[in-house]
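Data block below; observations after.
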Amino acid sequence: MKRRQRASERTAPERAVRDRRPRRERSRQPVGGRRMKCLGRAVRGLLGMLAGFSLLIGSWTASYFILKALFRRFGAPSSDFVSQLLGMLLGFLILFCIGGLISLITHGKQRKFYSPILNAVRRISKGDFTAKVEDVERYGQMGELVEGINEMASELSRMETMRQDFISNVSHEIQSPLTSIRGFARALRSEDLSRETREHYLDIIEAESARLSGLSDSLLKLSVLESGSFPFEAKPYRLDRQLRNILLACEPQWMGKGIEVEAELAEMTVTGAEDLLSQVWNNLLHNSIKFTPPGGKIMITARLIETGAEVIVSDTGAGISEKDLPRIFERFYKADKARGAGAGGSGLGLSLVKKIVDLHRGEVRTESCPGEGTEIIVTLPLSVKKERERE
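Just so you know, our numbering puts 224 at position 200 of the sequence shown, and the rest follows in order with no gaps.
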C-alpha cells in the first residue's frame, strides 16, 4: 500500500506521540545548567561547614579565656581533668547560646523563607491546583522538593481537567440517546401515526437503547480493567483461528456494504486472555467496516515477528488527519465527530483496545493518510506470562 512507503508522513504523528512524555523530562535543564546548579550547592554546603567550624572554634576560644580569667580570680581546680571538663561544658553553653541567638534573629526570615511552600501546600490540599512556588533557585538544596511540589500541582491539575472532561463527555454521550428515546416515545403517543412510522420510531428507540447499553458496558469494562480487579487468565490459544472466526461472524456487515475482505493469517499460538483479545479484534474490525465506504477493501494480516505476533488491520476508508492521529486512543475522542455520532460511536472502542493491549504487554500504533485509509498494527508477545515475570 502507498502509506507504507510514506515514512516521512508518519514521522510527524510519531514525534507528536513521543513529545507526550512526562512533564519532568521536558522541564529538565541543560547539562551545563545542572552542573552549575550542583556546583552552587556544593559551594554553599562548604561555606556552611566552614561557618559551623568557625563558630565552634570561637566558642572554645571564648571558653578558654573566660575560664582563664575566672581561675586567675578565684583559683584553678586541683585537677586538670576538672579544668578541661569545665572548659568543655562552658564551650557547649556558649555555642548553644550563640545558636539560640542566631535562631531568634533569623526566625522571621526562616518563616518568610518557608511561607510560599506552606501556602502552596495548603492551597493544593484545598483543591487549588494552580498553586505554584516561584523562584525555585532561591531554595538551594530544597529546590528539588519545591520542584516536586510544583510538578505535583501540575499533574493534579491535569488529572482534574481529565476528570471534568470525562464527566462532561459521559453526560453528553448519555444525554444524546436519552433525548432521542424521550422524543420518539412522546411521538408514539399520537394516534395518527401509520404502522410503518410507528415501526420506524420503535427501531430508533431500540437502536438508541442499544447504544446506551453499549456505552455503559464499555465504561464498566474500562473501569474494571484500570482498577486491576479483572481476573486476567492467560492461556495458550490459536490466534489465527480466533481472527478467522471473528471475520466470519462479521460477514453479514461487510457483505452488506459490498466491502472486499482479505486475510493472510499465519498459524500461530499466543498466550493471553482470549476473551479480552477478542474485544480488540472486534473493535478494530467494526471500526474498519464502519468507516470504509461501499466497495472498499479491508485487509487483515497476522504474522510472526521477532518480538512476538503482529496483527495488522488496514482499510481503504477516509483515513485520519495528522493532528487527530496521536489522540485516537483517548476516551471519547472522535477524529470525525459528526460522522462518529451518526454511526453511533461513543469514542471508547479504541481506548479499550489500548488498555487491553497494554495489559498483554503489547503495543498498538496507527498509520494513516487522509484519503488513503488507515492501518492499525497490534504487536503482542507470544507469552504474556513471561513478559509479566520479567517485570
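The C-beta atom is built at its ideal place from N, Cα and C for all residues, glycine as well.
Suppose you measure from the CA of residue i to the CA of residue j; what does that come to, to the nearest Å?
i	j	result
Leu239	Leu372	8 Å
Leu109	Phe116	11 Å
Ser178	Lys321	45 Å
Val377	Gln199	25 Å
Arg182	Asn174	12 Å
Ile81	Pro101	24 Å
Leu70	Gly164	13 Å
Phe77	Met112	16 Å
Glu161	Gly386	42 Å
Ala93	Asp104	16 Å
Ile141	Leu243	39 Å
Ignore the nearest five residues each way along the sequence and tell me which others in residue i's own chain have a CB closer than 7 Å to its CB.
i	result
Ile118	Ser83, Ala86 and Ser87
Ser407	Thr295
Val285	Leu271, Trp278 and Ile322
Which residues in the same chain as residue i place their Cβ atom closer than 8 Å to its Cβ, once the five residues preceding and following it in sequence are excluded?
i	result
Ala290	Asp264, Ala326, Arg327 and Leu328
Ala211	Leu217 and Tyr225
Arg268	Ala287 and Leu289
Buried or exposed, going by whether 16 or more other CB atoms sit within 10 Å of the CB of residue i?
i	result
Gly282	exposed
Gln53	Bear in mind that a pLDDT of 46 at Gln53, under 50, signals an unreliable position, so the number given afterwards is only what the model happens to contain. Answer is exposed; the Cβ neighbour count stays below 16.
Pro201	buried
Val337	buried
Thr293	exposed
Gly343	buried
Pro405	buried
Leu300	buried
Ile380	buried
Arg235	buried
Ile392	As written in the sequence, residue 392 is Ser, which differs from the Ile given in the question. With 16 or more Cβ atoms within 10 Å of its Cβ, Ser392 is classed as buried.
Phe315	buried
Gly280	exposed
Val157	buried
From the DSSP output, which residues share a beta bridge with residue i?
i	result
Thr416	The first residue shown for the chain is 25 and the last is 415, placing residue 416 beyond what the model contains.
Pro11	The structure shown does not extend to residue 11, since the chain is modelled only from 25 to 415, so the question has no answer here.
Glu220	Looking at the DSSP assignment, Glu220 forms no beta bridge with any residue, so it has no partner.
Thr85	For Thr85, which the question treats as bridged, DSSP gives no partner whatsoever.
Asp339	Ile322 and Thr398
Gly296	Lys259
Can you tell me whether DSSP reads residue i as helix, strand or coil?
i	result
Leu328	strand
Leu263	helix
Cys121	helix
Ala287	strand
Lys281	coil
Ile270	helix
Met176	helix
Ile380	helix
Val157	coil
Ser392	strand
Ala100	coil
Lys150	coil
Glu232	helix
Ile141	helix
Arg213	coil
Leu113	helix
Taking 6 Å as the limit between beta carbons, can you name the residues of its chain near residue i, skipping five residues before and five after?
i	result
Cys274	Leu309
Ile401	Ile336 and Arg389
Tyr261	Glu298
Ile313	Gln277 and Trp278
I'd like to know if residue i contacts chain B, where contact means its C-beta is closer than 8 Å to some C-beta of that chain.
i	result
Trp84	Chain labels in this structure do not include chain B; a single protein chain is all it has.
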